[in-house]
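S.K.: Going left to right, the sequence shown walks through residues -19 to -1, 1 to 802 as mature numbering (1 follows the signal peptide of the UniProt record, and there is no 0) numbers them. From the three backbone atoms N, C-alpha and C, an ideal C-beta is built for every residue, glycine too. Pasting a structure here, questions to come.
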Amino acid sequence: MKKFYFLLLAFFIFSGVNAQIIEFKSPTFKERLLIANTDNDIAKDLLGNSIKIDENNDKEIQLEEALKISALDLKSTPIYDISGIEFFTNLKSLNCWNTQISTLNISTLKELKYLDCAWNSIKTLDVSSLKNLETIVCTQGSLTSINLTGLDKLHHLHLDGNALVDLNLSGLTSLKYIDCGYNRLTKLDLSGITQLEDLICNDNKITSFTNLADCPEITRMWVQQNELSSIDFSKCSKLKDLWADDNKLVTIDLTVPKDVGNASFGNNNLSSVKVDGYSNIKFIRLSNNNFTTIDLSPFIQISDAECSNNSELTTIFAKNGRNEGIAFEGCPKLKYICNDDIKDSVVEWYLKYYNYTNISLNSYCTFEPGGVFYTIKGKTILDSDNNGCDSSDLSYSNLNFSITNGLNKGNLISNKSGDYNIPVGEGTHTITPILENPIYFSVSPTSIDASFPSQNSPFTQNFCITPNGAHPDLEVTLLPIIPARPGFDATYKIIYKNKGTNVQSGSLSLSFNDAVLDYISAVPAVNSQATDKLSWDYINLQPFETREIVVTLNVNSPMETPAVNNGDRLSFNALINPVTGDEKPVDNSFALRQSVVGSYDPNDKTCLEGDVITPSLIGEYVHYLIRFENTGTYPAQNIVVKDLIDLGKFDISSLTPTKGSHEFVTKISDGNKVEFIFENINLPFDDANNDGYIAFKIKTLPTLVVGDTFQNEANIYFDYNFPILTNKATSTFKALATSDFEFSNYFSVFPNPVKEILNINYKNSIEVQSIAIYDILGQMVIAVPDANAVSKIDVSKLATGKYFLKMNTDKGSSNMKFIKN
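Listed below in structure tokens is the structure:
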């Protein structure tokens, strides 16, 4: 009997335990649990399915029912007190977001993996006993302390918007994400958190991170609005997203994290951002800092750059191959923006929008394309001995290369040493050498194709130029290096060149008006000297060899007789022999028409043929000289002369540089833009050495007619300064109505009218260099190149009408009109 009572007592005790009813201090909490069912997500069973907790419908929650729950969603319920939760020991997920609780004791919930207790009034939280926790969300609350000791499975920690002054993360070896923004932290120790990927701790008072180097997996850092003076990113190679505005940063080194896409450093004390090579940054904010220079050139993926409100900023380098938006308002000292040509219109819009009027904009901070580029380079060699190009052969200078990728075209003319270097972008590029006289020479190879990035860069290809038979062709040019001023010495440079295939020897001369010009000196010295003429002999002028002679003449002052005054014209004629047999005798002589000046602009442009040009040069070369002078107080490292050619008047494909004061290359792009680039010229600023020049020739279009005017000007860029615009050099083709001397003082012509033979009688001593006859439209109909002994011209084949006879002499040129019957 006693045994029976004992068993009965045990039964009732066991039943009482299983039927234990949980007491809840908060009726709202209990009510929330009672309304749980399969149609809402308040509770889930151990398999993750929505479940009704009060299975027996007794309006109570028994322990047995609590143990069947793996997840509770209590959010936005005014519970105030969550007592009773400790019996749900199989919980893996607890969401008590915005339940107005002030304490949370869940130490018995050993299976808990996910906890959301955000938007409550909890001040202290101890979850150190919950070793299975993986995610904690306790944001926008009142936390002053949290115990996370031993949570080695925790990978997401959200604590933003609390009152934490200290945060111990030690031992959280699985932590991948932490958000502790909007707290009161002064430091953060990241030691041993080797798996951390996201660090968000904005709006604190953090002065430093301890052992950020322990976090090599970090990809995102939001650390804005702290008191950081430096951040060590040396081990953060995977960092992609970085926001560090409103700190005290002085410098940023991003040489290791090369894949950062967003970087924001507004409102710091930054003066530099260091990167290594190219960067993949797409957005960067550098506003409100201490930059004097901002370099965006490494950012080849950039879309937006904010550089505003840098009060000391003077320079922005934005040549990166991108068409990004750049904000730079509030930068009163900004003077220069180096830019890709493709985004000139964008930056010019900003200049107007911000009302900037004193900022220079160009692409000349470097002479390579912005962004990633590849290089095609090599040498041009003249095979003068016809045995193949080798190291013993001379270089071929100023070879013109056509460059196209199928969409865009341009040209680059190599330097005087025969070296060329062509930077190009991705794709296939065809490079074709273009000779001034293609019948004289052959080029091997005739063209090349280079494809990038499939081919290695630099891609090297030399070009071998081989003579095609015998082609004698000499050229002479006369450049006024120092202007003619009354009473002062003027300097001239005679440049003569063998453009043909034969070695040449002969003589050359310079004729001038000795009455108003006195010979001072020549280097090399003259071989013979007459009253109005200087002569030199030359021997063994090799194919494509160029030589020069510097001549100094003194100009009469206004007090001398005859007087020379501002605005007077001086005439010079240079002639190189032999003319007979020369395939293009038109350039064996050169007539310079120079205006005398008083004070002068040292940066100017001159058409050497003068402002009135004979119609015989329609369709032929005219010559330009552009002079520049460094009038600053420091050597000019780079100088660019930019010239926009009028394609309605000139044949740009004929443009040929003839001489430069310093080493240069020529680039032709955008159809009509010519740039003469003096890279690393380092032009001094002292008056004796601060001058330079570029000379070139270009053909006028053959469709021009008498009366047509053409003009040309250039912009000269000295480093990062505003360009200097030269004068407009304006010339007009006019019928032969002007002469350098009175025709009748030296010649008489008979008969006039004439049917067959036009006789020329010489009255005074004069050297005739060439004779030409033009019709009334200015077209040359008869040319006599070597005419010093010519006294008769057969005009019998000319049509009836009016013509002009032009005599080119050592005293200049003069003409007269005759009639052909």
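1) In the segment 602 to 651, which residue ranges form an unbroken beta strand (DSSP E) of at least 3 residues, counting only runs that do not cross its ends?
2) Pick out whichever of T707, F714, Y701, D672 has its Cα sitting closest to the Cα of F691.
3) Sorted by chain position, which residues of the same chain lie with C-beta nearer than 6 angstroms to H139's C-beta, five sequence neighbours on each side aside?
4) By DSSP, does T9 sit in helix, in strand, or in coil?
5) Which residue spans inside the segment 746 to 787 form an unbroken beta strand (DSSP E) run of at least 3?
6) Please work out which residues of its chain come closer than 7 angstroms, Cβ to Cβ, to Y755, disregarding the five sequence neighbours upstream and downstream, and give them in chain order.
7) What is the residue span of the beta strand (DSSP E) that V328 lies within?
8) Would you mind reading off the limits of the beta strand (DSSP E) that contains E456?
9) From which residue to which residue does the alpha helix (DSSP H) around L44 run?
10) Go ahead and pull the three-state DSSP assignment for F657.
11) Out of T80, S110, D568, W78, which has the shortest C-alpha to C-alpha gap to K91?
12) Kindly list the residues whose CB is nearer than 6 angstroms to the CB of E656, restricted to its own chain and excluding five residues on each side of it in sequence; keep chain order.
13) Would you say L223 reaches chain D, if we count a Cβ-Cβ gap shorter than 8 angstroms as a contact?
14) Identify the residues that DSSP records as bridge partners of S478: which are they?
15) Can you grab the Cα-Cα spacing for the pair Y602 / Q282, in whole Å?
16) Within the same chain, show all residues whose beta-carbon is closer than 8 angstroms to that of K255, passing over the 5 residues directly before and after it, in chain order.
17) Give me, in chain order, the residues of the same chain whose beta-carbon lies closer than 7 angstroms to that of T614; leave out the 5 immediate sequence neighbours on both sides.
18) Look at the Cβ atom of I557, then the Cβ atom of L460, and state whether they are nearer than 8 angstroms.
19) Under 8 angstroms, with one C-beta from each stretch per pair, do the segment 629 to 641 and the segment 678 to 692 reach the 3-pair mark?
20) Given that a residue counts as buried once 16 or more other Cβ atoms are within 10 Å of its Cβ, and exposed if not, what is D791?
21) Between residue 854 and the rest of its own chain, which residues show a CB-CB distance below 6 angstroms, the 5 nearest in sequence each way excluded?
22) Alpha carbon to alpha carbon, how far is T70 from I50? Give it in angstroms, no decimals.
23) Who pairs with W517 in a beta bridge, going by DSSP?
24) What's the C-alpha gap between A768 and A753?
25) Is L150 closer than 8 angstroms to K134 when the C-beta atoms are compared?
26) In angstroms, rounded to a whole number, what distance separates the CA positions of H136 and T175?
27) Leaving out the 5 sequence neighbours to the left and right, which residues in its chain are closer than 7 angstroms to E208 when beta-carbon positions are compared?
28) Mind checking whether F444 and L491 have CB atoms under 8 angstroms apart?
29) From Y727 to V771, what distance separates their C-alpha atoms?
30) Who are the Cβ neighbours of N802 in its own chain at under 8 angstroms, not counting the five residues just before and after it?
31) Which residue comes first and which comes last in the beta strand (DSSP E) that contains H139?
32) Where F493 and P419 are concerned, what is the direct C-alpha to C-alpha distance, given to the nearest angstrom?
33) For M797, which beta-bridge partners are listed by DSSP?
34) Identify whether S725 lies in helix, strand or coil by the three-state DSSP scheme.
35) Can you give me the Cβ contacts of S642 inside the same chain, cut-off strictly under 6 angstroms, excluding the 5 residues immediately before and after it?
36) Which of the three DSSP states, helix, strand or coil, is assigned to L156?
M.R.: Working from what's here:
1) Runs of the beta strand (DSSP E) inside the segment 602 to 651: 602 to 610, 620 to 625, 631 to 641, 646 to 650.
2) The count along the sequence shown starts at 1 and reaches residue 691 at position 710. Taking the Cα of F691 as reference, the smallest distance to any Cα among T707, F714, Y701, D672 is reached at F714.
3) For the purposes of this step, residue 139 is identified with residue 158 of the sequence shown, where counting begins at 1. Here the set comprises V118, T120, D160.
4) Counting from 1 along the sequence shown, the entry for residue 9 is found at position 28. Helix.
5) Qualifying beta strand (DSSP E) stretches, in chain order: 749 to 756, 761 to 765, 773 to 775.
6) Mapped onto the sequence shown, residue 755 falls at position 774. Setting aside the 5 residues that flank it on each side, Y755 is surrounded in the same chain by P596, S597, L717, M761, V762, Y784, F785, K787, each with a C-beta closer than 7 angstroms to its C-beta; the list follows chain order.
7) As a first step, residue 328 is located in the sequence shown; it is residue number 347 there, counting from the start. Boundaries around V328 are those of the alpha helix (DSSP H), 325 to 334, since no beta strand (DSSP E) includes it.
8) For the purposes of this step, residue 456 is identified with residue 475 of the sequence shown, where counting begins at 1. First-last of the beta strand (DSSP E) with E456: 455 to 463.
9) In the sequence shown, the residue the question calls residue 44 occupies position 63. Per DSSP, L44 belongs to the alpha helix (DSSP H) from 44 to 47.
10) Taking the sequence shown and counting its residues from 1, the one referred to as residue 657 is at position 676. In this structure, F657 counts as strand in the three-state DSSP scheme.
11) Start at 1 with the first residue of the sequence shown, and residue 91 comes out as number 110. Closest option to K91, Cα to Cα, is S110.
12) The count along the sequence shown starts at 1 and reaches residue 656 at position 675. The answer, listed in chain order, is V621, K623, K648.
13) Absent here is chain D; the protein component of the structure consists of one chain.
14) Walking along the sequence shown from the start, residue 478 turns up at place 497. It should be noted that the sequence gives Lys, not Ser, for residue 478. Looking at the DSSP assignment, K478 forms a beta bridge with E456, T527.
15) One-based indexing of the sequence shown puts residue 602 at position 621. One-based indexing of the sequence shown puts residue 282 at position 301. When the Cα atoms are used, Y602 and Q282 turn out to be separated by approximately 46 angstroms.
16) Within the sequence shown, numbered from 1, the residue matching residue 255 stands at position 274. Within the same chain, K255 has close Cβ partners T232, I233, D234, L235, T236.
17) Taking the sequence shown and counting its residues from 1, the one referred to as residue 614 is at position 633. Scanning its chain for C-beta atoms nearer than 7 angstroms, with the 5 sequence neighbours on each side dropped, one finds around T614 the residues F666, in chain order.
18) Walking along the sequence shown from the start, residue 557 turns up at place 576. Walking along the sequence shown from the start, residue 460 turns up at place 479. No, these two residues do not count as a Cβ contact at 8 angstroms.
19) With three or more CB-CB distances shorter than 8 angstroms, the segment 629 to 641 counts as touching the segment 678 to 692.
20) Mapped onto the sequence shown, residue 791 falls at position 810. Label assigned to D791: buried.
21) Here the chain covers residues -19 to 802 and nothing more, so residue 854 does not appear.
22) Taking the first residue of the sequence shown as position 1, residue 50 is located at position 69. Taking the first residue of the sequence shown as position 1, residue 70 is located at position 89. One alpha carbon belongs to I50, the other to T70, and they sit about 8 angstroms apart.
23) Here residue 517 refers to the residue found at position 536 when the sequence shown is read from its first residue. By DSSP's assignment, W517 forms a beta bridge with L489.
24) For the purposes of this step, residue 768 is taken as residue 787 along the sequence shown, with counting starting at 1. For the purposes of this step, residue 753 is taken as residue 772 along the sequence shown, with counting starting at 1. Cα-Cα distance, rounded: 10 angstroms.
25) Within the sequence shown, residue 134 is the residue found at index 153, counting from 1. Within the sequence shown, residue 150 is the residue found at index 169, counting from 1. With respect to L150, K134 sits apart: the two C-beta atoms are not nearer than 8 angstroms.
26) Against the sequence shown, residue 136 aligns to sequence position 155. Against the sequence shown, residue 175 aligns to sequence position 194. Rounded to the nearest whole angstrom, the C-alpha separation of H136 and T175 is 11 angstroms.
27) The sequence position of residue 208 within the sequence shown is 227, counting from 1. So the qualifying residues of the chain are K186, I187, T188, N228, K229.
28) Residue mapping note: residue 444 aligns to position 463 of the sequence shown, counting from 1. Residue mapping note: residue 491 aligns to position 510 of the sequence shown, counting from 1. Contact: no.
29) To locate residue 727, count along the sequence shown from 1; it is residue 746. To locate residue 771, count along the sequence shown from 1; it is residue 790. In this structure, the alpha-carbon of Y727 lies about 14 angstroms from that of V771.
30) Sequence index remark: in the sequence shown, residue 802 carries index 821 (1-based). In its chain, beyond the 5 residues on either side, P734, V735, K736, T781 have a beta carbon closer than 8 angstroms to the beta carbon of N802.
31) For this step, residue 139 is matched to residue 158 along the sequence shown. Per DSSP, H139 belongs to the beta strand (DSSP E) from 137 to 139.
32) Here residue 493 is taken as the residue at index 512 of the sequence shown, counted from 1. Here residue 419 is taken as the residue at index 438 of the sequence shown, counted from 1. Rounded to whole angstroms, F493 to P419 spans 35 angstroms at the Cα level.
33) One-based indexing of the sequence shown puts residue 797 at position 816. For M797, the pairing in a beta bridge is given by DSSP as L786.
34) The residue labelled residue 725 in the question sits at position 744 within the sequence shown. In this structure, DSSP gives S725 a helical state, which the three-state scheme calls helix.
35) Walking along the sequence shown from the start, residue 642 turns up at place 661. So the qualifying residues of the chain are G673, Y674.
36) Within the sequence shown, the letter at position 175 stands for residue 156. Three-state result, L156: coil.
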